[in-house]
Structures are given as structure tokens and as C-alpha cells.
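See structure below.
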Amino acid sequence: MKILVPVKQIASLDDQFEMRDDGRDVDEDYLEKDLNEFDHFSVEEALLIKEAAGDGVEVVVAIIGDDDSDDALRTALAKGADRGIRVWDDSLAEADGTSVARILAKVVEREKPDMVFTGAQSSDFGSATTGMALAGLLGWPHAAVVSNLEYKPGASSAKLRRELEGGLEEIMTIRCPAVLSIQLGINQPRYASLRGIKQAKQKPVDELSLDDLGLGASDVEPAFHVRKMYAPERGKAELITGSAAEQAARLAQIIKEIRGM
Amino acid sequence: MMTAASDNRVLGGVRDCDALTARVLAVGDLYVALGFYTDAAPEIRSALETVILETRRQRLIVAAAPYAPSDLLDGLSMGADDGLALRLAKNPATPASALRRLLRRCSDPRTRRYLAAHPNADAMILGELSRDNVIEVLQAVAGNPGTSPEVIARLAAIDDGSIQRAVAASQAADAATLARLWDLGDDWVRADILAHPNCPANLLAIAAGASDVRLRRKLAANPMLDAEAMEHLLADPDDGVRAAAVRNPAILAEEIDAKNEASARVRRLVARRPKLAADVIARLARDPDSWVRRWIARHPDMPAQLLMELATSDVPEVRRGVARNPSCPPHLLVLLAADRSPWVQAGVALRDDAPAAAISLLLGANDRDVLGALGRNRNTPAATLEAIAGSDDADVRRAIVFNPAAPQAAIARLAGDPYPLNRAMIVGHAGLDAAAVAELLDDPEPQVRFAAARRLARQQPDLAVKY
Numbered sequence: 001m002k003i004l005v006p007v008k009q010i011a012s013l014d015d016q017f018e019m020r021d022d023g024r025d026v027d028e029d030y031l032e033k034d035l036n037e038f039d040h041f042s043v044e045e046a047l048l049i050k051e052a053a054g055d056g057v058e059v060v061v062a063i064i065g066d067d068d069s070d071d072a073l074r075t076a077l078a079k080g081a082d083r084g085i086r087v088w089d090d091s092l093a094e095a096d097g098t099s100v101a102r103i104l105a106k107v108v109e110r111e112k113p114d115m116v117f118t119g120a121q122s123s124d125f126g127s128a129t130t131g132m133a134l135a136g137l138l139g140w141p142h143a144a145v146v147s148n149l150e151y152k153p154g155a156s157s158a159k160l161r162r163e164l165e166g167g168l169e170e171i172m173t174i175r176c177p178a179v180l181s182i183q184l185g186i187n188q189p190r191y192a193s194l195r196g197i198k199q200a201k202q203k204p205v206d207e208l209s210l211d212d213l214g215l216g217a218s219d220v221e222p223a224f225h226v227r228k229m230y231a232p233e234r235g236k237a238e239l240i241t242g243s244a245a246e247q248a249a250r251l252a253q254i255i256k257e258i259r260g261m
Numbered sequence: 001m002m003t004a005a006s007d008n009r010v011l012g013g014v015r016d017c018d019a020l021t022a023r024v025l026a027v028g029d030l031y032v033a034l035g036f037y038t039d040a041a042p043e044i045r046s047a048l049e050t051v052i053l054e055t056r057r058q059r060l061i062v063a064a065a066p067y068a069p070s071d072l073l074d075g076l077s078m079g080a081d082d083g084l085a086l087r088l089a090k091n092p093a094t095p096a097s098a099l100r101r102l103l104r105r106c107s108d109p110r111t112r113r114y115l116a117a118h119p120n121a122d123a124m125i126l127g128e129l130s131r132d133n134v135i136e137v138l139q140a141v142a143g144n145p146g147t148s149p150e151v152i153a154r155l156a157a158i159d160d161g162s163i164q165r166a167v168a169a170s171q172a173a174d175a176a177t178l179a180r181l182w183d184l185g186d187d188w189v190r191a192d193i194l195a196h197p198n199c200p201a202n203l204l205a206i207a208a209g210a211s212d213v214r215l216r217r218k219l220a221a222n223p224m225l226d227a228e229a230m231e232h233l234l235a236d237p238d239d240g241v242r243a244a245a246v247r248n249p250a251i252l253a254e255e256i257d258a259k260n261e262a263s264a265r266v267r268r269l270v271a272r273r274p275k276l277a278a279d280v281i282a283r284l285a286r287d288p289d290s291w292v293r294r295w296i297a298r299h300p301d302m303p304a305q306l307l308m309e310l311a312t313s314d315v316p317e318v319r320r321g322v323a324r325n326p327s328c329p330p331h332l333l334v335l336l337a338a339d340r341s342p343w344v345q346a347g348v349a350l351r352d353d354a355p356a357a358a359i360s361l362l363l364g365a366n367d368r369d370v371l372g373a374l375g376r377n378r379n380t381p382a383a384t385l386e387a388i389a390g391s392d393d394a395d396v397r398r399a400i401v402f403n404p405a406a407p408q409a410a411i412a413r414l415a416g417d418p419y420p421l422n423r424a425m426i427v428g429h430a431g432l433d434a435a436a437v438a439e440l441l442d443d444p445e446p447q448v449r450f451a452a453a454r455r456l457a458r459q460q461p462d463l464a465v466k467y
């Protein structure tokens, strides 16, 4: 029995940052790289199933990224995943969620997992498309924002709970294999032990190219391109002081300024 | 250049120093190199700088790091571009020499604002920035505690509410400046002037009869008030004024008598004062408000008889207050160790002076507060501390870090703790042996590597032989 957990290395911003010269992204120098927060939960959920079942479950983590993303992959391996897969090609530098899903669909074809757990979204771009698109490409059932899961390896269905708007929750049964997008808080992710971190360096990682998966650059062409990224001008706050009459006068003045009177 | 003798002192012998330096340079890690930098000889520093400042990303990290050595930040300020300059201006560890350098070629108003607010900005920097034409920069100068009385006096004349408020709160504002500001500012500024220790006496007298409650509240906080004025304010009809007076450190214990105080808010503040008359303590110990009782239960002058009475309170926080009271007698600590509330038991477990009988009663506990407190207690048996070091709860395990009597086995376990903060903190434990510190140079967490390198560079020379 095998669970595939696709993970992502995300970029978080420094408190003061600068844009790239082309104005389409933040300058790389101002970005801190880390494993996507949501993926800590999807990896943990897979590991909990593995530990509850004993030896019969293999957890495989997969990442689409360059050499730098190896750190995120090793973080997941250090927690207890059995092996890793890293797919990279320079043509993937601007890959969107759908392109990533196309690659992952090929990985699923190759690995034949019984379940796929993705994070509900990535904490840098937050598109929440990868899991959904992957399920669509595979023709598998999909459930998003899964906040509780009851699944026994080999079972033909799983029972799960999903978070809905307004504090509602939905309990549903899903046919397996399935793609589940795991929500924050479903479990308490573990920290990797120092021993786990050392062992992770020795764990096998398959490094695959698009060719290895039978894909070409045209198969992973993004559906959209970022034209511009910028920080909009912020509104200004003013503390209005003085007597009630003075405050009212200042308020009237501000309203006039805004309305151009 | 540092002498060999100095190297011996810092890194334990030339041979060790060379080996350790070679090790640090071979690791090529920013945080390990930063940890060694301060204690390294100049020629070693330049080698470390090649590691620390290798990429622009690393230079940005160092420029923003408050733990970065000031000499390194000084060097980084030479030729700093706008991005680096902004980070250096915000970094509280940046020395005055670097700030002056940044100011000389600074065109960005944001950076000038941070320079003006910087705790290391000297009189020259603040004097120059006080003539800036950007109002936010002037506001920052006015709010800087290092700004001189002359500059503060000049800024007081600017018609800007934020600057005037900052001037009114500045310790550098003298009586003449405050007197001028009284006529220029609004009620908020005037209120701040009344709380200032340099506030002119005639203004204090005016404010004592003011109808505006803001003015009286601020006046009651002035540490220079005389006893007569304080007595008047303690009888003020507004409880906010009375509360400010009770908080005022200038008030004497004998001036406080909460006998007829109707406001629980004021009585709570009275109960927190370090010096109180015996009759006031006794009255507050039987106060109907449980917050008053929980504060007074901690009062060091509380007699044993009243502590015993408070120990039977229905409110666990009151009983916890008794357990935390330094005057709590040993037999009462034993009684509270068997309390039905783990929060009270934890209060006993935190005390190094708790009798052995009290500690024994707590050893079977499984509550996280009690375990965490036992983990800090130097009289907890070694076997219990070792069990705490293996707890499933990372916060409970961390208690070992604060226990100077923790056994080696517990300390070693923390050095391999999965929770990075626990590893970073155990590096500072005197009981962690040098070999274990050196192992942590390879830790995946930057803060652990930095702390380990810092400790090795400061005091652990022999380890270098290992490498």
C-alpha cells in the first residue's frame, strides 16, 4: 500500500523587500524558502496511517523543483517518509498549478499509489488548484479542505470531514483511490528528530526529468503569465485629537478633501 | 593582530584554534561563522567574512539580524545599497559609526526615519536629522530618548501634534520647554506635560483643580508630586485618577489606605504594591473581590495566619498566590502540594525551597504545569527529571533547560530534542558537555548552530582536537 504526498517549497517574504527588475515577482534575494506549511499536515496524515498500519504502508513524497527544493523534500523525509521523487526541468520555472498537476499525474501513473494527499493550498500563492487538477486528470474522486480522516490501508472508501463556510462541517464518504487536499489543523505535525534528519540524507530520491515521465515542455506550458506584481499604496490613518468641536471640524475637513469639495 | 596568548584564551591554544577555524570555514555555514566572529582574531575574522557575506541574500540577512556583531554591521555599512541601508538602519545592533556613514549618503526618507529612531543614534546624527524636511523624520527624532534638551526645545516649536506629544513625553524636555509647549499644545499634549517630572510647579497646581479628568489622571502619575497633592488625588471622585495615584512610585505606604475604596480596580492596584501597612494587608486578604485576594496572597509581608486562611479559598488562583508567596511556611507548602488544582500544585513545584515532603507528593503528577514546574526544580529527583526530559510535551521537556541541577542524561536528551527551540536553549546549559555542543554545529536549525558556535568560541577550546 502506498500514499503519495506531493509537497512544495514555498517562498516567504522578508518584511522589507524589493521587486525584480521586470516587475513580475519579488527579487529572489528577499525570499526565505521553506516547506509549505500545509504540506507538514499532509505528510503527517500519511505518516499516521503508516504508523497505525505497521510495515505495510510506504509514504512517498514528491516535489517539482530545482536543486534548492531538495531541502523541503529532505524535511519531509526526515519526518519519516520512505523515499522521495524530485522532478525538474528548466522549462518549469514558471509552472502553474495545472502544469504541476500534469507532472504529478505522470508520477501517479508511474508509482501507482493507493491515495494521494496534497496540502489544501500553498502558503505563497494560495491557488489551491493542484489537488483538484490532479484528481481531474486522473479521473479520481477529490475532496478539498479535509479536516478529519478515517482511512484504513486497502479500504475501498474513506470517511472524512470537510470545513465549509460559516463554521459548517460536512461528513462524507469517498471512494478510493482518491486525491485529498489536507487542511491545517487535521493533526499535529511532528518535528523531525535529529536522527531522522541524518537518516533523511541517506534516503533514496529519484531525480526525474520531463523526458523520464514522457512529457515535453509544451505539455507543461502554464495557462497564465504574471504581467505585474506590485504593492498597492496603503491608506493613511490619522489620530484626530482636540475638543469635540475640533474633532468634528477636522472630520468635516477630511470628508471634503476626499470628496474633492 | 591578536596574540597567540589571546588565541589561547579564546579558543584554547593555537592548534585548537586553527583546527576549529578550519572546521568552521569547511562547514561554510553563515550561522556557525556568525557565532565565531565576535571572539575571533582579526585574520580569522576576514576568513569568516568570506563565508558570512558570500551572497547578497546572506548580506541582507546579516544586516537585519539583531544578534549580528556590531563590527560586522559597521563593515557592511560601507558601500551599502538602499536595501542593505534600510535593514542596517532598522537593526538595533548597528553601531553609531555605521549609522553616521549611512546618513551621509541617505536619500530615502524611510531610512532616515529609522536612523532618527535608532537607539544608537548619537547627538550628531540626531542634530542633523532634526533639520530634516520630512515630518516623519522629525517625529522620530522627537521620540528618540537620546535627543538632547536643545534639540527637543527646538522641535517643540513645530506645529505638529505627534512631535508635540513626543516632546511632552521626552525625558530631555526641561521646564522652560514644557511651559512653552503648554500654551501651544492641545489637551493631550498638556496631559502628557503634567506627567513629566520636569513639569513646572505652577502647571501642577492649575491641573489639580482641572475639570478634565485626563489632566488629573496624568497629574496623578507625576513622580514629583508632594504628599499634599497626592493625598488630594487619592480622594479624587474618578477611580482612574485614584488608580494612577496608587500606581505612582512616589507614593508612600502609609499614604495608602484602601479602607473606604469602593473601586475594586483601585483595590487590586493597592494589593500589588510592594510596601503596605499590616492593617491594609489584613483588610485586603478578606476583600470580596477575588482578584484583590489573588494579588495580596502573594504579598511578602502577609502573616502566616492569613496565608493559612487564604489557602482555604475556593478560588484556585488565590491558593496559587499563597503557594507562590516567598513567606509561605513549609507546612503550608506541603498542604498545597496535595491541592485538588494542578495549577496550585505547580505553584509549589516551582519552589526550590519546597520541603522534600511537598516534592514527594507531586512526583506522581501527570499534569503538564506540574511536570514543567518540577522540571525546573533543582530538588526534583534525577529519575523524575529524566522522565520529564522524555515527555511527549515539548514545553514540559524544555523545563530541563532551566534546571541547573539537571542530570547529564536529561541534558543530553534535550540536546537531541526534536523541537528546535529546546535544542537552541539547552546549548546555554552549563551541564552540556563540549562534545555535545560541537555536535550541534551540524544542527539543521540556524539558531542552534549559532548558539553552539557562540558557546564554543567563548569557552570550549579542547573540542577542536576532535576535528
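Chains as they are written, first to last, in this note's numbering: chain A, 1 to 261; chain B, 1 to 467. Note that the Cβ used here is the ideal one computed from N, Cα and C, for glycine as well. In this text the structure is predicted, and so the values were computed from the model without any measurement.
Legend entry - A11 (chain A): CB within 8 Å of a non-hydrogen atom of the ligand FAD: Ligands in the displayed structure: none, and consequently the ligand FAD is not present.
Inset, instruction - Give a yes or no on whether the minimum CB-CB distance between L239 (chain A) and chain B is below 9 Å. - result: yes
Inset, instruction - Could you say which of B:N325, B:R368, B:S341 lies nearest to D353 (chain B) if we only look at CA atoms? - result: B:N325
Inset, instruction - Step through the CB atoms of chain A and report whether any lies within less than 9 Å of the CB of L86 (chain B). - result: yes
Inset, instruction - Answer yes or no: do A457 (chain B) and L20 (chain B) have a C-beta to C-beta separation smaller than 9 Å? - result: yes
Legend entry - Three-state class that DSSP yields for L53 (chain B) in the structure shown: Three-state result, L53 (chain B): coil.
Inset, instruction - Confirm, please, whether the CB-CB distance from L60 (chain B) to D14 (chain A) is below 9 Å. - result: yes
Legend entry - Three-pair Cβ contact test at 8 Å for the segment 177-187 of chain A versus the segment 108-116 of chain A: yes
Inset, instruction - Assuming I64 (chain A) and D206 (chain A) form a contact by the criterion Cβ under 8 Å, report the distance between their Cβ atoms to the nearest whole angstrom. - result: In fact, because the Cβ distance is near 13 Å, the residues do not count as touching under 8 Å.
Legend entry - Boundaries of the alpha helix (DSSP H) in which T111 (chain B) is found, first to last residue: 109-117
Legend entry - Straight-line Cα distance separating N403 (chain B) from V427 (chain B): 13 Å
Legend entry - Reference V58 (chain A); option with closest CA among A:L48, A:F41, A:L35, A:D82: Residue 58 (chain A) is actually Glu in this sequence, not Val. Nearest option by C-alpha distance: A:D82.
Inset, instruction - Mind listing the chain B neighbours of Y30 (chain A)? Cutoff is C-beta to C-beta under 9 Å, in chain order. - result: R57, L60, G83
Inset, instruction - State buried or exposed for E51 (chain A), treating a residue as buried only when at least 16 other CB atoms are found within 10 Å of its CB. - result: exposed
Inset, instruction - Would you list, in chain order, the members of the segment 185-213 of chain B that have their beta-carbon closer than 8 Å to a beta-carbon of chain A? - result: Of all residues in the segment 185-213 of chain B, the ones placed with a Cβ closer than 8 Å to any Cβ belonging to chain A are D186, D187, W188, in chain order.
Inset, instruction - Pick out the complete beta strand (DSSP E) segments inside the segment 236-293 of chain B, 3 residues or longer, and give them in chain order. - result: None, since the segment 236-293 of chain B contains no complete beta strand (DSSP E) of that length.
Legend entry - Straight-line Cα distance separating A116 (chain B) from N144 (chain B): 7 Å
Inset, instruction - Using a Cβ cut-off of 9 Å, pull out every chain A residue sitting near Y419 (chain B), in sequence order please. - result: Y191
Legend entry - Start and end residues, beta strand (DSSP E) containing M308 (chain B): Not the beta strand (DSSP E): M308 (chain B) falls in the alpha helix (DSSP H), residues 304-310.
Inset, instruction - Check whether the Cβ of R413 (chain B) lies closer than 9 Å to any Cβ atom in chain A. - result: no
Inset, instruction - Return no unless some Cβ of chain B is closer than 9 Å to the Cβ of I197 (chain A). - result: yes
Inset, instruction - Just the C-alpha distance for P329 (chain B) and A382 (chain B), rounded to the nearest angstrom, thanks. - result: C-alpha of P329 (chain B) to C-alpha of A382 (chain B): approximately 26 Å in a straight line.
Inset, instruction - With distances taken Cα to Cα, identify the nearest neighbour of V437 (chain B) among B:A451, B:P446, B:E445, B:P444. - result: Closest by alpha carbon: B:A451.
Inset, instruction - Spatial neighbours of N8 (chain B) within its chain, please: CB distance less than 6 Å, with the 5 preceding and 5 following residues excluded, ordered by chain position. - result: Summary for N8 (chain B): the model assigns pLDDT 32, below 50, so the residue's position carries little reliability; its value from the coordinates is reported in the next sentence. Contacts found: none.
Legend entry - Against chain A: residues of the segment 229-247 of chain B by CB proximity under 7 Å: none
Inset, instruction - Please decide whether A394 (chain B) counts as near chain A, where near means a Cβ-Cβ distance under 9 Å. - result: yes
Inset, instruction - Specify, as a first and last residue, the run of the alpha helix (DSSP H) that I254 (chain A) falls within. - result: Taken as a continuous stretch (DSSP letters only), the alpha helix (DSSP H) holding I254 (chain A) covers 244-259.
Inset, instruction - List the residues of chain B that G242 (chain A) touches, going by C-beta distances under 9 Å, in chain order. - result: G161, D186, D187, W188
Inset, instruction - Excluding the 5 residues preceding and the 5 following R265 (chain B) in the sequence, name in chain order all residues of the same chain whose CB lies nearer than 8 Å to its CB. - result: Counting only Cβ-Cβ distances below 8 Å, and skipping sequence neighbours, we find D239, A243.
Legend entry - Assigned secondary structure, V27 (chain B) (DSSP; H/G/I helix, E/B strand, else coil): helix
Inset, instruction - Verify the CB distance criterion: does R397 (chain B) have a CB-CB separation below 9 Å to chain A? - result: For R397 (chain B), no Cβ of chain A is located within less than 9 Å of the residue's own Cβ.
Inset, instruction - Report the partner residues of M115 (chain A) according to the DSSP bridge assignment. - result: BP columns for M115 (chain A) point to A:I3.
Inset, instruction - Would you mind working out which of B:S148, B:E150, B:L155, B:M124 sits nearest E136 (chain B), comparing C-alpha positions? - result: B:L155
Legend entry - Three CB pairs or more closer than 8 Å across the segment 407-425 of chain B and the segment 384-393 of chain B: Taking 8 Å as the limit for Cβ pairs, the verdict is that the segment 384-393 of chain B does touch the segment 407-425 of chain B.
Legend entry - Residues in the segment 438-449 of chain B having any Cβ partner in chain A nearer than 8 Å: D443, P444
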